[in-house]
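Enquirer: To start, I am sharing the structure in question, which I have written as structure tokens.
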Amino acid sequence: MTEATLRQELAGSLRGDVLDASHPEYDEARALYNAMIDRRPRLIARCVDVADVIEAVRFGRESGLQIAVRGGGHSGAGLGSVEDGLVIDLSLMRGVLVDPGERVARVLGGTLLGEVDHATHAFGLAAPFGIISTTGVGGLTLGGGVGNLTRTLGLSVDSLLAADVVLADGSFVTATEDRNDDLFWALRGGGGNFGVVTSFTFRLSPVSTIVGGPTFWSLDRTEEILSWYREFLPTAPDELNGFFAIHTIPPALPFPEQFHFQKMCGVVWCYAGAAAAADEVYRPVRELEPDLPGLMEMPLPALNSAFDGLYPAGDHWYWRSDYVAEIPDAAVAIHADFAERLPTPKSTLHLYPADGAAARVASDATAFSYRDARWVQVTVGVDPDPDNVQPAKQWARDYWDALHPYSMGGGYVNMLMDEGQERVRSTYRENYGRLAELKRKYDPDNLFRVNWNISPD
Ligand SMILES: Cc1cc2nc3c(=O)[nH]c(=O)nc-3n(C[C@H](O)[C@H](O)[C@H](O)COP(=O)(O)OP(=O)(O)OC[C@H]3O[C@@H](n4cnc5c(N)ncnc54)[C@H](O)[C@@H]3O)c2cc1C
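Residue numbers for the sequence shown follow the numbering used here, so the first one is 1 and each next one is one higher.
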């Protein structure tokens, strides 16, 4: 079948557009957040409703084209697209309906985090998501979802109440704790393996303003600050969140000019308890006299989008991740060493807390298996210039290699790179067998395989 015939056949049954390489918007539509990944799909189906998704899945199955599902397009490994295949693009299926009385939000499958924050904040409510507001709800939630409220409200999947899914056979089902509960279990951490989620329903919690922001110290205090942080945070109340970071201070407000381009270590805080208690909670932080004391009361969406400008789409990214239970002195020393060698201004190390409320869910209660992890660690090499990215990539890999012996073995599925099948198994640990069984039930031919794949075989 020629390209044009293929396109026409699918376009005839969709309300949304179908783009091939001849379409003027093709290059824009195929671009991924991570510019390091350059894929040229045969067709991009810009779905506008569930019926479009059903048709696109049917077409993918019958044509034999490999299918990728695109939510927000933020996958570091570029899993929202596929070379020479069919992209089921959900970027036009964005919208949020909030029911403030019931404290739930219905979120369409292609919606971005900031759009949910905006809609729910109007009612003084929130669900826990990630730290950059342009990330897709779809991929982030299906992999687990860590962010500024994890210790307080758990992972994003812990606030998930229901998902509407188009399965590999084209059927449409709703998964909840009571309906298709096995599918619901698999969706909460199992990534895009089980179907296309056209809408998510989240429980909302009363979080409106928080007291938080970044506190940074000079890099020569990395060992001291990290050693303090690893002891302090796990004993702090669940309302306190704070991810440890090694960063170059960006040359922009609100950072004072004398710190611009300085490499520093720090913590980005989010206290979601009563503002009146924040002073006391942060007393130990103030006692460490940060050079950049960035704590203030602010709306939650302000913190959740504070770093959007630093990390726009189109940079070249490489990252490696691991789950961490402890940060022994030897690991602290490695952090201090690699901090000195930050290769580019946007490269970074983050340690996202995964304890508190997230750790009070059993490891087999959802597909997300690392409930005993205290942190999700990610080493990230980033640069806007493809010619500069190689040293950043090497730094992120070497840093990860050096720390891996101190990790729990598996990495966070949403922050994997080019790491192979064994890594997927180590990420799901004891839950892998059940996931494979459910893959055989819901997608026996592995139609949805452009993801961290759980093989049905
Ligand atoms: C700048 C940046 C910041 C990040 N911050 C965080 C963070 O704070 N916390 C965190 O947990 N993660 C974070 N991540 C990682 C993020 O969770 C993953 O990259 C995630 O895959 C992004 O989802 P997406 O929908 O944007 O991606 P896409 O590339 O569109 O999709 C990623 C995967 O999810 C699948 N998928 C997406 N939507 C659907 C859907 N509706 N139905 C079925 N499958 C779907 C895709 O098929 C693909 O396999 C960040 C990533 C970046 C680049």
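Ideal Cβ positions, reconstructed from N, Cα and C, are used throughout, including at glycine.
(1) Could you tell me which of 218, 333, 344 and 321 sits nearest to residue 290, measuring between CA atoms?
(2) Got a sec? Which residues, its chain only, sit under 8 Å from residue 82 by beta carbon, not counting five neighbours each side?
(3) If you reduce the DSSP assignment to three classes, tell me which class residue 192 lands in.
(4) Which residues in the same chain as residue 321 place their Cβ atom closer than 6 Å to its Cβ, once the five residues preceding and following it in sequence are excluded?
(5) Starting from residue 162 and walking both ways along the alpha helix (DSSP H), at which residues does that stretch end?
(6) Could you give the residue range of the beta strand (DSSP E) that holds residue 6?
(7) Tell me which same chain residues have a C-beta within less than 6 Å of the C-beta of residue 37, skipping the five on either side of it?
(8) With DSSP as the reference, label residue 241 as helix, strand or coil.
(9) Span of the beta strand (DSSP E) holding residue 260?
(10) According to DSSP, is residue 66 helix, strand or coil?
(11) Does residue 228 get closer than 8 Å to chain B when you measure Cβ to Cβ?
(12) Please classify residue 218: does DSSP put it in a helix, a strand, or coil?
(13) Taking Cβ to Cβ, would you say residue 155 is nearer than 8 Å to residue 128?
(14) May I have the straight-line CA-CA distance separating residue 430 from residue 363, to the nearest angstrom?
(15) I'd like to know if the segment 185-194 and the segment 160-175 are in contact, where contact means that at least 3 CB-CB pairs between them fall below 8 Å.
(16) Would you call residue 330 buried or exposed, if buried means 16 or more other Cβ atoms sit within 10 Å of its Cβ?
(17) Taking the alpha-carbon of residue 395 as reference, which of 357, 337 and 432 has the nearest alpha-carbon?
(18) Answer yes if the segment 419-428 comes into contact with the segment 170-186, meaning at least three C-beta pairs across the two stretches below 8 Å, and no otherwise.
(19) Using 7 Å as the cut-off, classify the Cβ of residue 344 as near or not near the heavy atoms of ligand 1, replying yes or no.
(20) Which whole runs of the beta strand (DSSP E) in the segment 347-379 are 3 residues long or more, in chain order?
(21) Locate the alpha helix (DSSP H) running through residue 341, then write down its first and last residues.
(22) Classify residue 15: buried if its beta carbon has 16 or more other beta carbons within 10 angstroms, exposed otherwise.
(23) Just to confirm before moving on: does the CB-CB distance between residue 117 and residue 126 stay below 8 Å?
(24) Which residues share a DSSP beta bridge with residue 383?
(25) In terms of alpha-carbon separation, which member of 344, 424 and 349 lies closest to residue 370?
(26) Check whether the Cβ atoms of residue 323 and residue 407 lie closer than 8 Å to each other.
(27) Any heavy atom of ligand 1 closer than 7 Å to the CB of residue 151?
(28) Tell me the residue span of the alpha helix (DSSP H) that contains residue 137.
(29) Any heavy atom of ligand 1 inside 7 Å of the beta-carbon of residue 219?
(30) So, is residue 239 buried or exposed, given that buried needs 16 or more other C-beta atoms within 10 angstroms?
(31) For ligand 1, is there a heavy atom less than 7 Å away from the beta-carbon of residue 140?
(32) Could you tell me which whole alpha helix (DSSP H) segments of length 4 or greater appear in the segment 25-100?
(33) Does residue 212 pass the burial test, meaning 16 or more other C-beta atoms within 10 Å, or should it be called exposed?
(34) For residue 355, which residues of its own chain have a beta-carbon under 7 Å away from its beta-carbon, when the five flanking residues on both sides are left out?
(35) Spatial neighbours of residue 328 within its chain, please: C-beta separation below 7 Å, excluding the five flanking residues on both sides.
(36) Considering only their Cβ atoms, is the gap separating residue 242 from residue 270 smaller than 8 Å?
Expert: The structure says:
(1) To locate residue 290, count along the sequence shown from 1; it is residue 290. Looking at the Cα atoms, 218 is the closest of the given residues.
(2) Working through the sequence shown from its first residue, we reach residue 82 at position 82. Contacts found: 39, 41, 66, 67, 68 and 450.
(3) The residue you call residue 192 lines up with position 192 of the sequence shown. It is helical.
(4) The residue given as residue 321 occupies position 321 in the sequence shown. Here the set comprises 378, 411, 412 and 415.
(5) As a first step, residue 162 must be located in the sequence shown, where it is residue number 162. No alpha helix (DSSP H) holds residue 162; the beta strand (DSSP E) holding it covers 160-166.
(6) The residue given as residue 6 occupies position 6 in the sequence shown. Premise fails: residue 6 lies in the alpha helix (DSSP H), 3-11, not in any beta strand (DSSP E).
(7) Here residue 37 is taken as the residue at index 37 of the sequence shown, counted from 1. 78.
(8) Here residue 241 refers to the residue found at position 241 of the sequence shown. Strand, per DSSP.
(9) Taking the first residue of the sequence shown as 1, we reach residue 260 at position 260. It is not in any beta strand (DSSP E) - residue 260 carries neither H nor E in the DSSP assignment.
(10) Residue mapping note: residue 66 aligns to position 66 of the sequence shown, counting from 1. Looking at residue 66 - three-state DSSP - the assignment turns out to be coil, as it is neither helix nor strand.
(11) Considering every chain present, this structure includes no chain B. It has just one protein chain.
(12) Within the sequence shown, the letter at position 218 stands for residue 218. Residue state, collapsed to three classes: strand.
(13) In the sequence shown, the residue the question calls residue 155 occupies position 155. In the sequence shown, the residue the question calls residue 128 occupies position 128. Taking 8 Å as the Cβ cut-off, residue 155 and residue 128 qualify as a contacting pair.
(14) Here residue 430 corresponds to residue number 430 of the sequence shown, with the count starting at 1. Here residue 363 corresponds to residue number 363 of the sequence shown, with the count starting at 1. Going by the C-alpha atoms only, they are around 9 Å apart.
(15) yes
(16) Locating residue 330 in the sequence shown gives position 330, counting from the first residue. Per the 10 Å Cβ criterion, exposed.
(17) Walking along the sequence shown from the start, residue 395 turns up at place 395. Here the closest residue by C-alpha is 337.
(18) no
(19) Taking the first residue of the sequence shown as 1, we reach residue 344 at position 344. No.
(20) 348-353
(21) The residue you call residue 341 lines up with position 341 of the sequence shown. Run containing residue 341: none; DSSP gives neither H nor E here.
(22) Here residue 15 refers to the residue found at position 15 of the sequence shown. Flag for residue 15 reads exposed.
(23) Mapped onto the sequence shown, residue 117 falls at position 117. Mapped onto the sequence shown, residue 126 falls at position 126. Yes, Cβ-Cβ distance for residue 117 and residue 126 is below 8 Å.
(24) The residue labelled residue 383 in the question sits at position 383 within the sequence shown. Answer is 316.
(25) Stepping through the sequence shown from its first residue, residue 370 is reached at position 370. Comparing Cα-Cα distances from residue 370 to each of 344, 424 and 349, the minimum goes to 424.
(26) As a working note, residue 323 is residue 323 in the sequence shown. As a working note, residue 407 is residue 407 in the sequence shown. Yes; because the gap between Cβ atoms is below 8 Å, this pair is in contact.
(27) For the purposes of this step, residue 151 is identified with residue 151 of the sequence shown, where counting begins at 1. Outside the cutoff, so no.
(28) Within the sequence shown, residue 137 is the residue found at index 137, counting from 1. Per DSSP, residue 137 belongs to the alpha helix (DSSP H) from 137-143.
(29) Start at 1 with the first residue of the sequence shown, and residue 219 comes out as number 219. No, the beta carbon of residue 219 sits no closer than 7 Å to any heavy atom of ligand 1.
(30) As a working note, residue 239 is residue 239 in the sequence shown. Buried: at least 16 other Cβ atoms inside 10 Å.
(31) The residue given as residue 140 occupies position 140 in the sequence shown. Checking the Cβ of residue 140 against ligand 1 gives yes.
(32) 26-30 and 50-63
(33) Taking the sequence shown and counting its residues from 1, one reaches residue 212 at position 212. Buried, because 16 or more other Cβ atoms sit within 10 Å of the Cβ of residue 212.
(34) Counting from one through the sequence shown, the residue named residue 355 turns up at place 355. Taken in chain order, the residues that qualify are 151, 234 and 374.
(35) For this step, residue 328 is matched to residue 328 along the sequence shown. These residues qualify, in order along the chain: 406.
(36) Here residue 270 refers to the residue found at position 270 when the sequence shown is read from its first residue. Here residue 242 refers to the residue found at position 242 when the sequence shown is read from its first residue. It is a contact, given that the beta carbons lie within the stated cut-off.
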